[in-house]
Amino acid sequence: MKVRYALLAAVAMLTPAFAGATDPAVDTAATESHKRLSGSLTVGYDTNYTGRGYVVSHSVAQGDSVEYLAAKLSYDIGKKGLWTLGSTIAYTIPSSGHVLYGNPPFSQQGAYAAIAHKQGLPFVPTAPGQTAAVLGAAGVPGAAAIGAKVDATAAAMTGQKIKEANIENHFAVITEAKYTSPTEQWNIAFGHHFSHGGLLGVMAKHYRDQGASVVNEVFVAPEWTPYKWLSLGCKTSYSFQGIQGWWFEPYVTVKAPIIGTPDDIKLLGVATIGMSATYGYFDEAYCACSNGTQAVWIKLSTPWFVTDNFIVTPSISFNWLGNGGGKANKVSEFKQYTGNPNNFPFRNFGVVAGISATYRF
Numbered sequence: 012m013k014v015r016y017a018l019l020a021a022v023a024m025l026t027p028a029f030a031g032a033t034d035p036a037v038d039t040a041a042t043e044s045h046k047r048l049s050g051s052l053t054v055g056y057d058t059n060y061t062g063r064g065y066v067v068s069h070s071v072a073q074g075d076s077v078e079y080l081a082a083k084l085s086y087d088i089g090k091k092g093l094w095t096l097g098s099t100i101a102y103t104i105p106s107s108g109h110v111l112y113g114n115p116p117f118s119q120q121g122a123y124a125a126i127a128h129k130q131g132l133p134f135v136p137t138a139p140g141q142t143a144a145v146l147g148a149a150g151v152p153g154a155a156a157i158g159a160k161v162d163a164t165a166a167a168m169t170g171q172k173i174k175e176a177n178i179e180n181h182f183a184v185i186t187e188a189k190y191t192s193p194t195e196q197w198n199i200a201f202g203h204h205f206s207h208g209g210l211l212g213v214m215a216k217h218y219r220d221q222g223a224s225v226v227n228e229v230f231v232a233p234e235w236t237p238y239k240w241l242s243l244g245c246k247t248s249y250s251f252q253g254i255q256g257w258w259f260e261p262y263v264t265v266k267a268p269i270i271g272t273p274d275d276i277k278l279l280g281v282a283t284i285g286m287s288a289t290y291g292y293f294d295e296a297y298c299a300c301s302n303g304t305q306a307v308w309i310k311l312s313t314p315w316f317v318t319d320n321f322i323v324t325p326s327i328s329f330n331w332l333g334n335g336g337g338k339a340n341k342v343s344e345f346k347q348y349t350g351n352p353n354n355f356p357f358r359n360f361g362v363v364a365g366i367s368a369t370y371r372f
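Following our numbering, the numbering of the sequence shown begins with 12 at its first residue and continues without gaps.
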């Protein structure tokens with residue numbers, strides 16, 4: 012068996028990368044017995060629900076961990092190792108709740124905040140009876156009548172459930188065509204990503220009022236591999252259905268044998284530094300993220316080659332929330348409407364441990 016880095020393409024791609032941070036493919040050499048048609052099956056577990064580098068808070072998902080499974084097929088066309096067609100199906104299942112924040116009720120102050128947000132009124136009163144005075148001071152015509160109506164509406168809303176927004180299991184289908192240079196020092200992939208459910212689904216269904224948690228994207232993913240142990244790349248995705256806008260996911264990956272040699276690896280060490288950022292993706296009208304840096308992470312994994320085709324991969328990831336992603340925590344409508352400061356969507360810092368098993372055929 013020659014260099015086993017090629018086997019790790021399946022391991023790297025069949026993680027919750029499709030629901031979260033992009034784990035780059037790290038294949039840099041072919042195996043000794045080349046097959047035009049190949050595939051892999053992966054099952055795994057992570058201690059936290061993640062998506063594009065975000066680590067979801069405990070309150071938003073009513074828990075933490077996820078299980079996932081995925082299947083991948085790839086086929087070489089033309090001269091072996093140059094053009095490869097790939098198709099991946101992945102499914103991620105939250106271990107805990109599926110209702111955002113458990114659908115909590117409005118607090119008294121939260122009811123006023125919701126009315127102000129929906130009606131565009133220039134106030135959030137601190138107590139009943141202040142409404143007309145605040146509106147009058149702001150120069151709103153008919154302040155007394157509007158204030159009485161707002162007070163009555165707020166009283167009726169207090170204690171009522173906000174909305175039963177849900178997080179659905181995440182189903183993803185990714186198809187791509189990948190070209191690898193004859194020198195194997197660079198490659199580029201083009202493809203389409205269909206996503207149903209998960210965090211992107213929440214954004215489309217509940218924050219863009221699309222009616223369905225479906226997002227469709229096209230992507231291009233160039234990668235430079237100047238050495239067998241080093242990969243640099245940036246996946247660029249454009250979402251054209253569900254939500255419109257751009258995602259950028261640059262990364263740097265280094266790898267080295269821990270046990271074995273480059274020609275016969277038993278245990279490999281892999282470290283990735285990555286980030287996600289958006290442009291033209293989020294809208295100021297929604298209580299969600301703003302554009303810019305969404306998340307930054309460092310992921311360490313140690314794929315263990317139990318056999319040539321069976322790989323067990325423990326991992327740990329350290330994730331920091333970016334400035335763009337942090338806006339959602341500041342303006343969280345559930346935090347405003349319930350008055351509960353713990354009702355924010357993402358952790359500012361999260362540690363995610365995981366383990367997966369991959370069989371390659």
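All C-beta atoms, glycine included, are put in the ideal place defined by N, C-alpha and C. Because the structure is a prediction, the values reported are computed rather than measured.
Using only alpha-carbon positions, find the residue among the options that is nearest to residue i.
i: residue 158; options: 176, 136, 201, 371; result: 136
i: residue 325; options: 57, 347, 49; result: 57
i: residue 331; options: 126, 361, 49, 178; result: 361
i: residue 79; options: 97, 71, 64, 103; result: 103
i: residue 182; options: 334, 207, 277; result: 207
i: residue 351; options: 64, 301, 70, 244; result: 70
i: residue 5; options: 289, 131, 336; result: With the chain running from 12 to 372 in the structure shown, residue 5 is simply not present.
i: residue 119; options: 138, 191, 112, 337; result: 138
i: residue 276; options: 333, 97, 321; result: 321
i: residue 160; options: 130, 211, 170; result: 130
i: residue 126; options: 199, 354, 371, 347; result: 347
i: residue 101; options: 168, 108, 85, 185; result: 185
i: residue 117; options: 93, 85, 173; result: 173
i: residue 366; options: 270, 240, 313; result: 313
i: residue 194; options: 239, 151, 232; result: 239
i: residue 237; options: 263, 354, 349, 128; result: 263
i: residue 169; options: 108, 89, 121; result: 121
Between residue i and residue j, how many whole angstroms is the CB-CB distance? I'm expecting something under 8 Å.
i: residue 257; j: residue 292; result: 6 Å
i: residue 286; j: residue 299; result: Not confirmed; about 19 Å, so no contact.
i: residue 329; j: residue 315; result: The Cβ separation is near 21 Å, so there is no contact.
i: residue 50; j: residue 83; result: 6 Å
i: residue 77; j: residue 368; result: That pair is no contact at about 15 Å.
i: residue 106; j: residue 74; result: 6 Å
i: residue 213; j: residue 178; result: 6 Å
i: residue 374; j: residue 72; result: In the structure as shown, the chain begins at 12 and stops at 372. Residue 374 is therefore absent and cannot be evaluated.
Residues in its own chain within less than 7 Å of residue i by CB, not counting five upstream and five downstream?
i: residue 230; result: 202, 204, 246, 247, 248
i: residue 175; result: 110, 114
i: residue 221; result: 215, 253
i: residue 317; result: 323
i: residue 149; result: 133, 134
i: residue 342; result: 298
i: residue 123; result: 135, 136, 165
i: residue 336; result: 65, 300, 305, 306, 357
i: residue 272; result: none
i: residue 187; result: 97, 200, 201, 202
i: residue 265; result: 240, 241, 282
For a test of the three-state rule: what should DSSP assign to residue i, helix, strand or coil?
i: residue 31; result: For residue 31, the pLDDT reaches just 40, beneath the cut-off of 50, and the residue's location in the model is therefore unreliable, leaving the point undetermined.
i: residue 305; result: strand
i: residue 178; result: coil
i: residue 59; result: coil
i: residue 340; result: helix
i: residue 93; result: coil
i: residue 262; result: strand
i: residue 329; result: strand
i: residue 289; result: strand
i: residue 365; result: strand
i: residue 310; result: strand
i: residue 137; result: coil
i: residue 151; result: coil
i: residue 214; result: helix
Short of 6 Å in beta carbon distance, which residues of its chain neighbour residue i, apart from the five on each side in sequence? Order them along the chain.
i: residue 228; result: 204, 248, 250
i: residue 311; result: 282, 327
i: residue 358; result: 66, 68
i: residue 143; result: 154, 155, 158
i: residue 364; result: 58, 327
i: residue 87; result: 47, 95
i: residue 180; result: 104, 208
i: residue 197; result: 235
i: residue 259; result: 247, 288
i: residue 60; result: 67, 72, 77, 105
i: residue 211; result: 226
i: residue 52; result: 82, 370
Per DSSP, what are the beta-bridge partners of residue i in this structure?
i: residue 227; result: 205, 252
i: residue 371; result: 51
i: residue 315; result: 278, 323
i: residue 98; result: 84, 186
i: residue 235; result: 197, 243
i: residue 357; result: 67
i: residue 270; result: 278
i: residue 116; result: 172
i: residue 78; result: 56, 104
Less than 8 Å between C-beta atoms, sequence neighbours within five positions excluded: which residues of the same chain meet that for residue i?
i: residue 140; result: 162
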